Ligand code: SF4
């Protein structure tokens with residue numbers, strides 16, 4: 238692993254874990270297409286070949302009194318599922334009371350062809366899933382999935398549903414105000430509510446945070 242890689246970074250008194258630069262979307266609004274850093278931390282990794290211990294070592298160096306740790310960076314955390322679980326287990330064991338959140342595009346069950354949610358129970362305290370859009374057409378336009386699937390949005394919705402069913406607090410999020418995209422937020426909220434998830438709108442900010 239390149240020593241200077243920002244696998245772990247601080248933002249707003251929270252710790253973020255940047256496991257990978259791989260993603261199964263190419264969102265038009267993805268901050269990584271606009272800039273290389275978040276608050277000065279360059280999130281492009283020189284080496285994807287990392288271990289859970291690499292992340293844990295960085296975490297130990299950075300962690301002070303932060304009480305929330307979020308798996309979120311320039312890529313989709315569940316693509317490094319085993320590392321994610323191992324690091325979450327370390328946090329649960331060594332930093333009791335710290336909340337762990339996963340920000341995800343919700344593709345994991347489709348990608349792995351199995352329901353991974355049960356593997357996250359007891360490790361992840363909140364899952365935030367990018368719903369992005371109320372229709373398949375707009376989802377594909379905004380998120381530009383990199384794999385072939387007729388119903389990606391349905392897969393994302395199913396991921397949300399399974400997360401709710403596993404009793405993990407679950408958030409469905411939408412980015413609003415990006416360029417002239419007119420997203421029907423009411424329709425998105427209804428989808429979230431019907432699935433039992435909390436709905437969250439994140440206003441688009443030019444600097445991404
Ligand atoms: S899912 Fe997240 S990391 Fe992936 S392209 Fe979209 S915004 Fe970027």
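In the working numbering, the protein residues as written are 238 to 446.
Virtual Cβ for every residue (Gly too), placed ideally from N, Cα, C.
Quick caveat, the model's predicted, so the values are computed rather than measured.
Contact between residue 246 and residue 292 does not hold, since the beta-carbon distance rounds to 12 Å and is not under 8 Å. The Cβ neighbour count for residue 331, taken over all protein chains shown within 10 Å, is under 16; the residue is labelled exposed. In the DSSP assignment, residue 330 falls outside any beta strand (DSSP E) and within the unbroken alpha helix (DSSP H) covering 318-331. Within the chosen limit of 7 Å, the ligand SF4 reaches the beta carbon of residue 263 through at least one heavy atom. Residue range 305-308 is occupied by the beta strand (DSSP E) that includes residue 306. Between residue 368 and residue 429, the C-beta spacing is below 8 Å. Per DSSP, the beta-bridge partners of residue 435 are 408. Distances from the CB of residue 312 to the heavy atoms of the ligand SF4 include at least one below 7 Å.
Membership of residue 367 in the beta strand (DSSP E) is indicated by the continuous run 363-367. Comparing C-alpha distances from residue 396 to each of 244, 414, 348 and 338 shows the shortest one belongs to 348. Within the DSSP secondary-structure output, residue 440 pairs in a beta bridge with 413. The closest heavy atom of the ligand SF4 lies 7 Å or more from the beta carbon of residue 413.
Residue burial is scored here from C-beta neighbours: residue 383 has fewer than 16 other C-beta atoms within 10 angstroms and is therefore classed as exposed. With contacts defined as CB atoms closer than 8 Å, residue 364 and residue 405 qualify as a contacting pair. DSSP places residue 297 inside the alpha helix (DSSP H), whose first and last residues are 289-299. Of 296, 312 and 440, the smallest CA-CA separation from residue 282 is found for 312. Going by beta carbons, residue 242 and residue 284 fall inside the 8 Å limit.
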